[in-house]
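Q: I have a structure here, written as structure tokens, and I will follow up with some questions on it.
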Amino acid sequence: AQSVTQLDSQVPVFEEAPVELRCNYSSSVSVYLFWYVQYPNQGLQLLLKYLSGSTLVKGINGFEAEFNKSQTSFHLRKPSVHISDTAEYFCAVTRGGGFQKLVFGTGTRLLVSP
Amino acid sequence: NAGVTQTPKFRVLKTGQSMTLLCAQDMNHEYMYWYRQDPGMGLRLIHYSVGEGTTAKGEVPDGYNVSRLKKQNFLLGLESAAPSQTSVYFCASSYGRYANTGELFFGEGSRLTVL
Chain S
17 AQSVTQLDSQ
27 VPVFEEAPVE
37 LRCNYSSSVS
47 VYLFWYVQYP
57 NQGLQLLLKY
67 LSGSTLVKGI
77 NGFEAEFNKS
87 QTSFHLRKPS
97 VHISDTAEYF
107 CAVTRGGGFQ
117 KLVFGTGTRL
127 LVSP
Chain W
175 NAGVTQTPKF
185 RVLKTGQSMT
195 LLCAQDMNHE
205 YMYWYRQDPG
215 MGLRLIHYSV
225 GEGTTAKGEV
235 PDGYNVSRLK
245 KQNFLLGLES
255 AAPSQTSVYF
265 CASSYGRYAN
275 TGELFFGEGS
285 RLTVL
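Chains S and W are the protein sequences, given in the same order.
Residues 17 to 130, numbered by this note's numbering, are exactly what the first sequence covers, in order.
Residues 175 to 289, numbered by this note's numbering, are exactly what the second sequence covers, in order.
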């Protein structure tokens, strides 16, 4: 079975600084990987996804993530954050092919201060 | 663009009361899901459905029932609410088997408090 670990429950950062949110997964088969963002009092929305191909994936709002199979990681990065990026970020994994249930990490709260 | 709509958005119940959360999607998606979100635990799958008339248990199904009588609707029921069911509930939907990449489309959530 797959699992996802987000080691940081909360990441404080100053505006315009770079940020990396860490995600590690465990699976013995090929996987699809996702980052979702949840703004306060809203549902989750897709930030970016890795299905196959290039290991560097670009998403909305200037975020990107790199799939590293050898380290089983899918870390999310942004070179310069804004106050509006304050939100909770969830990493998720599912097996490739057909219907497979999505497994979520416990989330990382990104707090951007001026 | 309505997407996934959940009703009600807020509800307070007393222990032992029953209620139903309604989820409606207008994207013609085959699959639908109910998750609960609790602090420090991420999202946990309660029940899901891979098509009209079918439902299946997820990770934390106890105390909940679901029905999918119409393709666009997925109902989550609590027959006898308990304080442990205080949570934020999210409905989601996705494409069917041959177009499914795991990407989910979420509603805005329903906050339930059980006293």
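Heads up, the beta-carbon is just placed ideally off N, CA and C, and yes, glycines get one too.
Could you check if residue 98 of chain S is buried or exposed, using at least 16 other CB atoms within 10 Å of its CB as the buried criterion?
A: Under this definition residue 98 of chain S is an exposed residue.
Q: With 7 Å as the C-beta to C-beta threshold (strictly closer), list the residues of the segment 263–282 of chain W near chain S in chain order.
A: 264, 271, 274, 275, 276, 277, 278, 280, 281 and 282
Q: Helix or strand or just coil, what does DSSP make of residue 212 of chain W?
A: strand
Q: Figure out for me which residue from W:285, W:268, W:202 and W:288 has the closest Cα to the Cα of residue 61 of chain S.
A: Nearest C-alpha to residue 61 of chain S: W:268.
Q: If residue 92 of chain S sits next to residue 37 of chain S, beta carbons under 8 Å apart, how far is it from one beta carbon to the other, in whole angstroms?
A: 4 Å
Q: Report buried or exposed for residue 101 of chain S, applying the criterion of at least 16 other Cβ atoms within 10 angstroms of its Cβ.
A: buried
Q: For residue 110 of chain S versus residue 50 of chain S, is the C-beta spacing smaller than 9 Å?
A: yes
Q: Between which two residues does the beta strand (DSSP E) holding residue 201 of chain W run?
A: Premise fails: residue 201 of chain W is in no beta strand (DSSP E) and is neither H nor E.
Q: Tell me whether residue 270 of chain W sits in a helix, a strand or coil according to DSSP, three-state version.
A: coil
Q: How far does the beta strand (DSSP E) with residue 251 of chain W in it reach, from first residue to last?
A: 247–252
Q: Within 10 Å of its beta-carbon, does residue 238 of chain W have 16 or more other beta-carbons around it, so buried, or fewer, so exposed?
A: buried
Q: Tell me which residue opens and which closes the beta strand (DSSP E) that residue 45 of chain S is part of.
A: No beta strand (DSSP E) contains residue 45 of chain S, which DSSP labels as neither H nor E.
Q: DSSP three-state label for residue 19 of chain S, please.
A: strand
Q: So the candidates are W:247, W:254, W:249 and W:248; which of them puts its Cα closest to the Cα of residue 236 of chain W?
A: Sorting W:247, W:254, W:249 and W:248 by C-alpha distance to the C-alpha of residue 236 of chain W places W:254 at the top.
Q: For a contact meaning CB atoms closer than 8 Å, what does residue 250 of chain W contact in chain S?
A: Those do not exist, as residue 250 of chain W stays about 15 Å from chain S at its closest Cβ, beyond 8 Å.
Q: For the segment 183–203 of chain W against the segment 241–248 of chain W, are there 3 or more C-beta pairs whose distance is under 8 Å?
A: yes
Q: Here's a check: name, in chain order, each residue in its chain whose Cβ is nearer than 7 Å to the Cβ of residue 218 of chain W, leaving out the five neighbours to either side.
A: 209, 210, 233 and 234
Q: Which term fits residue 45 of chain S, buried or exposed, when burial requires 16 or more other beta carbons within 10 angstroms of its beta carbon?
A: exposed
Q: For residue 179 of chain W and residue 57 of chain S, I'd like the C-alpha separation in whole angstroms.
A: 14 Å
Q: In chain order, what residues of the same chain have a beta carbon less than 6 Å from the beta carbon of residue 78 of chain S, not counting five sequence neighbours either side?
A: 94
Q: With a cut-off of 9 Å, does the C-beta of residue 88 of chain S fall near any C-beta of chain W?
A: Taking a beta-carbon distance threshold of 9 Å, residue 88 of chain S does not count as an interface residue toward chain W.
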